[in-house]
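Asker: Got a structure for you, written out below as structure tokens; questions coming shortly.
Protein chains: 2
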Amino acid sequence: MQTLIKYNEMNVLNEKELLFLQSALTLENSYNSTAEIIRWLKERNQKVEVEITRIKFSQMSSWLFDEKSTSLRHTTGKFFKIEGINVETNWGEVESWDQPIINQPEIGFLGILTQVHNGILYFLMQAKIEPGNVNYVQLSPTLQATKSNYTQVHKGNKPMYLEYFLDRENNDILLDQLQSEQGARFLKKRNRNIIIQVKENIPEHEDFRWLTLGQIKQLIQSDNLVNMDTRTVISGIPYGNHAKQTVDFYNVMNHSTALSIQAKMLASELDRETAKHTFDEIIHWFTELKAKYDLDIKSKKLSDVEGWEITENSIRHKKNKYFQVIAVDVMISNREVKSWNQPLIEPAQEGICAFIAKEIKGRYHFLVQAKLESGNFDILELAPTVQCLTGSYDTAKSLNTLPFLNYILTADKEQVIFDTLQSEEGGRFYREQNRSMIILVGDDFSTDVPHNYSWMTLNQLKTFIKFNNYLNIQARSLISAITFIEE
Amino acid sequence: MQTLIKYNEMNVLNEKELLFLQSALTLENSYNSTAEIIRWLKERNQKVEVEITRIKFSQMSSWLFDEKSTSLRHTTGKFFKIEGINVETNWGEVESWDQPIINQPEIGFLGILTQVHNGILYFLMQAKIEPGNVNYVQLSPTLQATKSNYTQVHKGNKPMYLEYFLDRENNDILLDQLQSEQGARFLKKRNRNIIIQVKENIPEHEDFRWLTLGQIKQLIQSDNLVNMDTRTVISGIPYGNHAKQTVDFYNVMNHSTALSIQAKMLASELDRETAKHTFDEIIHWFTELKAKYDLDIKSKKLSDVEGWEITENSIRHKKNKYFQVIAVDVMISNREVKSWNQPLIEPAQEGICAFIAKEIKGRYHFLVQAKLESGNFDILELAPTVQCLTGSYDTAKSLNTLPFLNYILTADKEQVIFDTLQSEEGGRFYREQNRSMIILVGDDFSTDVPHNYSWMTLNQLKTFIKFNNYLNIQARSLISAITFIEE
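If you read the protein sequences in the order shown, they are chains A and B.
This note's numbering numbers the first residue of the first sequence as 855 and each following residue consecutively.
This note's numbering numbers the first residue of the second sequence as 855 and each following residue consecutively.
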């Protein structure tokens, strides 16, 4: 903290960046220790009774296959639909395929309220139950709401704290970005990721707790504690954009001898100048790939989707690959009993997402993949070095064909700085957790990479995050896990 | 130039930015004076015989209405199609309408070759004939090519200099961006805007001349000399991104007394720091608008497009509004005779595009409009303060309802720093020229603006241009006209 204040005397951080950076560097919390938060999440989990029962599609009271099985949808037409698409592309080995996909055209809110307490920015986080979560309760943003939620609010149905997101007159917007969801599962879906600083006092509620950003990042180091929505919102947080000289000053102040991994991560995050490729070079690389690859999506009736079949219980790939759409009955009893039914997506296997990072020119660079997925808004998004969610990753075929997969799975223990299971969004995905890794590689790892890969600093990745539809959700999830604090 | 070298001794410009900036500040050309270029364009225009004859759709040999009039297309299915769409949106007064639109899903090249000669970067520009141009020949990029052009090149059909854009091993990429076309006329169309620096000697050709960037910008100050494709490519050129202090130093070096408009424009272009709104604030403003407004496009058979009719000679709005699609026979005789027929879009009236600029915190800020158009790739794009292309602008209704239009049309002469007619792309549009203006306003002009308008410096606009689908083509066209040289 001492260093941070010195740093700020140089006047390079704006107030917002300073608040974020201080919070990211703080683990002490005058409200709740991290241990208390973990205990609280466990307790909420034990108190709640959740019953998830697989049912037949025909048993769903509020969902139906519409006329001629064009789509699976809610009786009101709201929420989301499961539709069919045909995909044509010159990317990869398969030129054309059919698949079911989630269509949810509304832009929803993923929002976090924050407040300054004793000079530190605190984030109001929720212990939220989602039917698909492996452990039911995970740490979630203050608000997750669809446009239907917040424009046509029914009595008693109003999400907590919604009013702070609709009427923001006295509050400051600290972050407000459109970000994509899983491109292989959602058709061009985006959410509005928003962080608001509230000046007035916020009423407390037993499902909510105040955490520092450092604490949230600390919880991400464990399996399945922090939900995907939280991870995407905090991934976009800007900590500033400074000249090399300032960052060097900061490093010297902070660590007179060898820098820790965390200090080096912070330098990669804050230094605007030192990078293997200029920003314009990266834009050129990405433009070339977008001009080269086509992605042509056509709607298809769900019943016509080739290679897939609709059974009583699921919409499934005929060879049991990728994922299946199932129907579940949900009963949650807590203070009140809630029950409903809905479709969920169940993955065929556990996946893996991993970033390789390497020190180049004294700064950590991440090996980023330009990846095409069927539901992408704009052909390609920037993805982790390895992203294998739709096929088994530990097969001989995957190991032989997926670049860098083998390297990651056989990396030395001391190279692995992050290795946890993280959940996909439990409101749509059934017990989907994917292995999430960050691997540090040494000088022996070549900087020459295939044409759809490029090296970028954290600062460059953060710049792309500000703009729509650059980093995909898996890349953002891994970035959210990066901490600047040595424990 | 002296100043520029001093400036560069501070080591703040990278080599690429220095080349661009030097070229933008240079009017002397050891190959051709600007007067010679104008004479050459006129001469090319006089030498060529162009005959454009309106014909009936049924007289077109290579274009047809396909089965049940779904679309108007080329017999090979290539080039582009005229299709029908239905538009639904909560933007503006009209919630739903039908219209014809151009669908050309390929990403084409708009490319300029450059070369350094005596330390100055020169641009290889073409005197190109387009059937729709009011004056036939305009100054065009080195290459305009569709993907069909460059992937399936027929013998004798290869565009000049194409090889430099396909095999770039020995050359440097100076700029490479995806940029949108007219959102009201094209369905999600984008081009790849690219500038390449060639190291080897380039063979000359009588249709091509070397110009400095300063000369190109000088020619844009006249009516219809520089085509839209050139204007969009040069609009994205980065001149650097520097701290306020550096820019102030540059200004003081250059002009010890009052700064000229051009020097102030350069400061607005180079200064990363001084702006009314931070970049994150602008991202928030734009995110909010994108989350608020919906744009839902559905394909429709051309014959079913409501409010429009297909006659023998045109696809036209029943009240003669907006534009009509016509068929023309083109005969161009120069060295060889070429003839073909094609559809063109003819506007119903002349339009207007204008930016209001105002000095705020010592830097010029442009009043930017977030505008929804039916063919936009991502709901909204950043447009000029006034953009009125689809309805008559000098009617009482327009003057009363379009923000800032009246102000612009009644501005004092000394406020108007740019006022010319500029052509839309002559390969698609029939004699479409729009009035293009930049107006400087004083302290009496309020900085309070409607919610879909915001003030941005040139530096901020340039940052947005780097990313896909932010600035629309009309905004980019006006930015291309901004010069940093006092004549």
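Just so it is clear, CB atoms sit at the ideal spot from N, CA and C, and this is done for glycine as well.
Note that the coordinates shown come from a computational prediction; the quantities given were computed from them, not determined experimentally.
Report yes or no: do the region 1081-1089 of chain B and the region 906-913 of chain B share at least 3 C-beta pairs separated by less than 8 Å?
Answerer: Contact fails: fewer than three Cβ-Cβ distances are below 8 Å.
Asker: Measure the alpha-carbon distance for residue 877 of chain A versus residue 947 of chain A and round it to whole angstroms.
Answerer: Within the first sequence, the letter at position 23 stands for residue 877 of chain A. Within the first sequence, the letter at position 93 stands for residue 947 of chain A. If you take the alpha carbons of residue 877 of chain A and residue 947 of chain A, they lie about 46 Å apart.
Asker: Below 9 Å on C-beta distance, what does residue 1021 of chain A contact in chain B?
Answerer: Locating residue 1021 of chain A in the first sequence gives position 167, counting from the first residue. None at all; the shortest Cβ gap to chain B is about 13 Å.
Asker: Mind listing the chain A neighbours of residue 1031 of chain B? Cutoff is C-beta to C-beta under 8 Å, in chain order.
Answerer: As a first step, residue 1031 of chain B is located in the second sequence; it is residue number 177 there, counting from the start. Neighbours of residue 1031 of chain B on chain A, chain order: 1137, 1141.
Asker: For my contact list, residue 1162 of chain B and residue 1169 of chain B are in at a C-beta cut-off of 8 Å; report their separation, rounded to the angstrom.
Answerer: Within the second sequence, the letter at position 308 stands for residue 1162 of chain B. Within the second sequence, the letter at position 315 stands for residue 1169 of chain B. Residue 1162 of chain B to residue 1169 of chain B, Cβ: 6 Å. Contact.
Asker: Quick one: is residue 1222 of chain A buried, meaning 16 or more other Cβ sit within 10 Å of its Cβ, or exposed?
Answerer: If you number the first sequence from 1, residue 1222 of chain A lands on position 368. With 16 or more Cβ atoms within 10 Å of its Cβ, residue 1222 of chain A is classed as buried.
Asker: Can you give me, in chain order, the residues of the region 1319-1334 of chain A that have a beta carbon less than 7 Å from any beta carbon in chain B?
Answerer: Per Cβ criterion, the list reads 1320, 1321, 1322.
Asker: If you follow the alpha helix (DSSP H) that residue 1313 of chain B is part of, which residue opens it and which one closes it?
Answerer: The count along the second sequence starts at 1 and reaches residue 1313 of chain B at position 459. First-last of the alpha helix (DSSP H) with residue 1313 of chain B: 1312-1320.
Asker: Spell out whether any CB of chain B is found under 8 Å from the CB atom of residue 999 of chain A.
Answerer: Within the first sequence, the letter at position 145 stands for residue 999 of chain A. Chain B, which has no Cβ nearer than 8 Å to the Cβ of residue 999 of chain A, makes this no.
Asker: Applying a beta-carbon distance threshold of less than 7 Å, which residues of chain E neighbour residue 1046 of chain A?
Answerer: Absence of chain E from the displayed structure is noted, the protein chains being A and B.
Asker: Would you say residue 1134 of chain A reaches chain B, if we count a Cβ-Cβ gap shorter than 8 Å as a contact?
Answerer: Locating residue 1134 of chain A in the first sequence gives position 280, where the first residue counts as 1. Closer than 8 Å to some Cβ of chain B, the Cβ of residue 1134 of chain A qualifies, so yes.
Asker: Need the endpoints of the alpha helix (DSSP H) that residue 977 of chain A sits in, please.
Answerer: Position 123 of the first sequence, counting from 1, holds the residue named residue 977 of chain A. Counting along the chain, residue 977 of chain A falls outside any alpha helix (DSSP H), though it belongs to the beta strand (DSSP E) covering 974-983.
Asker: Name, going along the chain, the residues of the region 968-1001 of chain B whose beta-carbon falls closer than 7 Å to a beta-carbon of chain A.
Answerer: Those residues of the region 968-1001 of chain B that come within reach of chain A (Cβ to Cβ, closer than 7 Å) do not exist; the list is empty.
Asker: DSSP three-state call for residue 1019 of chain A: helix, strand or coil?
Answerer: On the first sequence, position 165 is the one that residue 1019 of chain A refers to. Residue 1019 of chain A: helix per DSSP, three-state reduction.
Asker: Would you check if the region 1193-1200 of chain A and the region 1301-1320 of chain A touch, i.e. whether three or more CB-CB distances between them fall below 8 Å?
Answerer: Because the criterion of three Cβ pairs below 8 Å is not met, the region 1301-1320 of chain A and the region 1193-1200 of chain A do not touch.
Asker: Strictly by DSSP, which residues pair up with residue 1044 of chain B?
Answerer: Taking the second sequence and counting its residues from 1, the one referred to as residue 1044 of chain B is at position 190. The partner list for residue 1044 of chain B (beta bridge, DSSP) reads B:1034.
Asker: Hey, is residue 1257 of chain A's beta-carbon within less than 8 Å of any beta-carbon in chain B?
Answerer: Taking the first residue of the first sequence as 1, we reach residue 1257 of chain A at position 403. Not an interface residue.
Asker: What's the C-alpha gap between residue 881 of chain A and residue 1068 of chain A?
Answerer: Position 27 of the first sequence, counted from the first residue, corresponds to residue 881 of chain A. Position 214 of the first sequence, counted from the first residue, corresponds to residue 1068 of chain A. Rounded to the nearest angstrom, the two C-alpha atoms are 5 Å apart.
Asker: Determine, for residue 1027 of chain A, whether the minimum Cβ-Cβ distance to residues of chain B falls below 8 Å.
Answerer: Here residue 1027 of chain A refers to the residue found at position 173 of the first sequence. It does: the Cβ of residue 1027 of chain A has a partner Cβ on chain B nearer than 8 Å.
Asker: Does chain B have any CB closer than 8 Å to the CB of residue 1050 of chain A?
Answerer: Taking the first sequence and counting its residues from 1, one reaches residue 1050 of chain A at position 196. No, residue 1050 of chain A does not count as interfacial toward chain B.
Asker: DSSP state of residue 1007 of chain A, grouped into three classes?
Answerer: Your numbering for residue 1007 of chain A matches position 153 in the first sequence. Here the model assigns residue 1007 of chain A a pLDDT of 47, short of 50, so the residue's position is not dependable, and the following value carries that caveat. If DSSP states are grouped into helix, strand and coil, residue 1007 of chain A belongs with coil.
Asker: Flag this pair as yes or no: are the beta carbons of residue 1234 of chain B and residue 1147 of chain B separated by less than 8 Å?
Answerer: Position 380 of the second sequence, counting from 1, holds the residue named residue 1234 of chain B. Position 293 of the second sequence, counting from 1, holds the residue named residue 1147 of chain B. Yes, these two residues count as a Cβ contact at 8 Å.
Asker: Under 7 Å between beta-carbons, which chain B residues line up against residue 1092 of chain A? List them in chain order, please.
Answerer: Stepping through the first sequence from its first residue, residue 1092 of chain A is reached at position 238. Within 7 Å Cβ-Cβ: 1134.
Asker: Which chain A residues sit within Cβ distance under 8 Å of residue 961 of chain B?
Answerer: Here the question's residue 961 of chain B lines up with position 107 in the second sequence. The contacting residues are 1144, 1145.
Asker: With a threshold of 16 other CB atoms inside 10 Å of the CB of residue 1315 of chain A, please say whether the residue is buried or exposed.
Answerer: On the first sequence, position 461 is the one that residue 1315 of chain A refers to. By the 10 Å Cβ count, residue 1315 of chain A comes out buried.
Asker: Could you tell me whether the region 1198-1206 of chain B touches the region 918-934 of chain B, using the rule of 3 or more Cβ pairs below 8 Å?
Answerer: As far as the Cβ criterion goes, the region 1198-1206 of chain B does not touch the region 918-934 of chain B, which means the pair count is below three.
Asker: For residue 1064 of chain B, which residues does DSSP report across the bridge?
Answerer: Start at 1 with the first residue of the second sequence, and residue 1064 of chain B comes out as number 210. In DSSP, residue 1064 of chain B forms a bridge with B:978.
Asker: When you compare only the Cα positions, how much space is there between residue 943 of chain B and residue 1309 of chain B?
Answerer: Here residue 943 of chain B corresponds to residue number 89 of the second sequence, with the count starting at 1. Here residue 1309 of chain B corresponds to residue number 455 of the second sequence, with the count starting at 1. For residue 943 of chain B and residue 1309 of chain B, the distance between alpha carbons rounds to 25 Å.
Asker: Answer yes or no: does any C-beta atom of chain A fall closer than 8 Å to that of residue 1232 of chain B?
Answerer: By one-based count along the second sequence, residue 1232 of chain B stands at place 378. Yes, its Cβ sits closer than 8 Å to a Cβ of chain A.
Asker: Where does residue 894 of chain B fall in DSSP's three states?
Answerer: The count along the second sequence starts at 1 and reaches residue 894 of chain B at position 40. Helix at residue 894 of chain B.
Asker: Taking C-beta to C-beta, are residue 1178 of chain B and residue 888 of chain B nearer than 8 Å?
Answerer: Walking along the second sequence from the start, residue 1178 of chain B turns up at place 324. Walking along the second sequence from the start, residue 888 of chain B turns up at place 34. No, these two residues do not count as a Cβ contact at 8 Å.
Asker: So within the region 1110-1185 of chain A, which uninterrupted alpha helix (DSSP H) runs reach at least 4 residues, ignoring any that extend past its ends?
Answerer: The qualifying runs are 1115-1124, 1133-1146.
Asker: What is the DSSP secondary structure of residue 1039 of chain A, reduced to helix, strand or coil?
Answerer: Indexing the first sequence from 1 puts residue 1039 of chain A at position 185. DSSP places residue 1039 of chain A in coil when its eight states are reduced to three.
Asker: Rounded to a whole number of angstroms, what is the C-alpha to C-alpha distance between residue 901 of chain B and residue 1186 of chain B?
Answerer: As a working mapping, residue 901 of chain B is identified with position 47 in the second sequence. As a working mapping, residue 1186 of chain B is identified with position 332 in the second sequence. Approximately 11 Å, taken between the alpha carbons.
Asker: What separation, rounded to the nearest whole angstrom, lies between the Cα atoms of residue 1164 of chain B and residue 1172 of chain B?
Answerer: Position 310 of the second sequence, counted from the start, is the residue given in the question as residue 1164 of chain B. Position 318 of the second sequence, counted from the start, is the residue given in the question as residue 1172 of chain B. Answer to the nearest angstrom: the Cα atoms are 10 Å apart.
Asker: Could you check what DSSP says for residue 921 of chain A in three-state terms: helix, strand or coil?
Answerer: Within the first sequence, residue 921 of chain A is the residue found at index 67, counting from 1. Helix.
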